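Trainee:
In the numbering used here, the protein residues as written are 23 to 379.
(1) Mind checking who residue 331 pairs with in its DSSP beta bridge?
(2) By how many angstroms is the C-alpha of residue 345 removed from the C-alpha of residue 194?
(3) Alpha carbons only, please: which of 178, 151, 210 and 182 is nearest the one belonging to residue 161?
(4) From the DSSP output, read off the bridge partner residues of residue 155.
(5) Roughly how many angstroms separate the alpha carbons of residue 370 and residue 77, rounded to a whole number?
(6) Do you know how far the Cα of residue 269 is from the Cα of residue 248?
(7) Since residue 80 sits in a beta bridge, which residues does DSSP pair it with?
(8) Label residue 44 either buried or exposed according to how many other C-beta atoms from any shown protein chain fall within 10 Å of its C-beta, with 16 as the threshold for buried.
(9) Can you grab the Cα-Cα spacing for the pair residue 378 / residue 302, in whole Å?
(10) Taking only the alpha-carbon atoms, compute the straight-line gap between residue 191 and residue 145 and give it to the nearest angstrom.
(11) On a Cα-Cα basis, can you pick out the residue from 235, 123, 97 and 169 that is closest to residue 85?
(12) Do the CB positions of residue 310 and residue 330 come within less than 9 Å of each other?
(13) Specify the secondary structure class of residue 260 as computed by DSSP and reduced to three states.
(14) Helix, strand or coil, according to DSSP, for residue 278 in the structure here?
(15) Please return the same chain residues whose Cβ sits closer than 7 Å to the Cβ of residue 300, not counting the five positions on each side in sequence.
(16) Does residue 203 pass the burial test, meaning 16 or more other C-beta atoms within 10 Å, or should it be called exposed?
(17) From residue 59 to residue 196, what does the alpha carbon distance come to, in whole angstroms?
If you want it as structure tokens, here you go:
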């Protein structure tokens, strides 16, 4: 299996994190970070809940639209459904023999889509863990999968360098978006469902970039960031007005969707940026970092971290920091009300952070 597709499977410590998170410096209050006001005042560290059970790195996480459930996927091959209020594991099932690479919940929470390192993405009944169908023609694996805002489409980023759109009700491929020259590691729908954003995870500097597509026609509208170094995540912020991407050289990139102009390029933390989530109001980004391809002990000595951060895409300002994971932060999410953050790690744990602690 190519090493490039197993970045999220790495666990530098092999031990789950336990106990309380490290107290962040003054000025990184999670309570104030949830508000759209500049300069959050000092405050206590965010309260956390730790979910344990996965026996290998957790690679992906999603929160249901009603805020009641969490879906997680892992290199242990399983998908697991959790009760967000209690932290109890509700259901688990083996999803991919080679480990789960990505997963997403439908808006109604009744189904989930997942991808593995090799083979087709799969659709599941979350009430039973039963496989409903497969999305064929993805023998090189599915690295990213998302539902459209209303749940009528699924988009996948594939190891064959394509982006594809599917009808989840039938499994029919509706449209293909070719053009990337590397594995498509990230895809995202715009809030109005008109646009699709994709990013490729090329490991050679300058080989690919983020692309913007018109969903109905399949036309490529724009390319952002020529020469980006290994795109790991993409999204739409500011209610669709901004396109954002994280890259392995610890940078957050921000562009104006309408003009294509770069509005910001910010260094975030001291580790490789591996994932991002956009807050429900589009105001904040949650970004996860880790060590990934490099020597974990060496980078720990240099201060490289496994943290999640709340960041303002307008100016790159860090408003809150979430500490406690001992492995890469591979996936992050917000609850629909924006009051809690979720992070999933190579240390095998999922952590819920109270933004209003």
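Backbone N, C-alpha and C fix where the C-beta goes; we use that ideal spot for every residue, glycine too. The structure displayed is predicted, hence computed values, not measured ones.
Mentor: Based on what the coordinates show:
(1) 309 and 343
(2) 42 Å
(3) Closest by alpha carbon: 182.
(4) 145
(5) 6 Å
(6) 13 Å
(7) 96
(8) Residue placement at residue 44 is poorly supported in this model, since its pLDDT is 27, which falls under 50; the coordinates still yield a value, given next. By the 10 Å Cβ count, residue 44 comes out exposed.
(9) 15 Å
(10) The C-alpha of residue 145 is placed about 9 Å away from the C-alpha of residue 191.
(11) 169
(12) yes
(13) Residue 260 carries a helical assignment under DSSP once its states are collapsed to helix, strand and coil.
(14) Looking at residue 278 - three-state DSSP - the assignment turns out to be strand.
(15) So the list reads 257, 258, 259 and 307, once near-sequence residues are dropped.
(16) exposed
(17) Only weak support exists for where residue 59 lies, its pLDDT of 30 falling under 50; the value from the coordinates is given anyway. Distance between the alpha carbons of residue 59 and residue 196: 42 Å.
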